[in-house]
Amino acid sequence: MKISSDDQKAISVILICLGVLFFLIGIAAHFKAGFQSRAEISTTGFVAAAIFAGLGLLVFLFSFTKKQS
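Numbering that gives the first Met the number 0 applies: residue 0 is where the sequence shown begins, and numbers increase by one.
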């Protein structure tokens, strides 16, 4: 199954938005870290944000290397 360049760019935008969402979850958990040990949620949010943003950028870069016919 081949994915077009436009579809890859759309997937990368979705992944980057997911990264931003998890980053915001990490920040919210960091502000509430004093209550009920939310440090794990904060760390997980930041790690997930980095993974999704990295995958989004990787897919975005690979969408340019694909030859268009």
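Where is the CB? At the ideal position from N, CA and C, for every residue including glycine. Predicted, not measured: the structure shown is a model, and the values here were computed from it.
Quick check on the DSSP output: the alpha helix (DSSP H) that includes Ser4 runs from which residue to which? Along the sequence shown, read from residue 1 onward, the residue named residue 4 stands at position 5. Counting along the chain, the alpha helix (DSSP H) containing Ser4 begins and ends at Ser4 to Phe30.
Thinking C-beta only, is Phe30 closer than 9 Å to Phe45? The residue you call residue 45 lines up with position 46 of the sequence shown. The residue you call residue 30 lines up with position 31 of the sequence shown. Between Phe45 and Phe30, the CB-CB gap reaches or exceeds 9 Å.
| query | By how many angstroms is the C-alpha of Ile15 removed from the C-alpha of Leu54? | reply | Position 55 of the sequence shown holds residue 54. Position 16 of the sequence shown holds residue 15. One C-alpha to the other measures close to 8 Å.
Cβ shell of Ile40 (< 7 Å), same chain only, five flanking positions each side left out: Walking along the sequence shown from the start, residue 40 turns up at place 41. Spatial neighbours of Ile40 in its own chain (CB-CB distance under 7 Å, excluding positions within 5 residues in sequence) are listed in chain order as Ala28.
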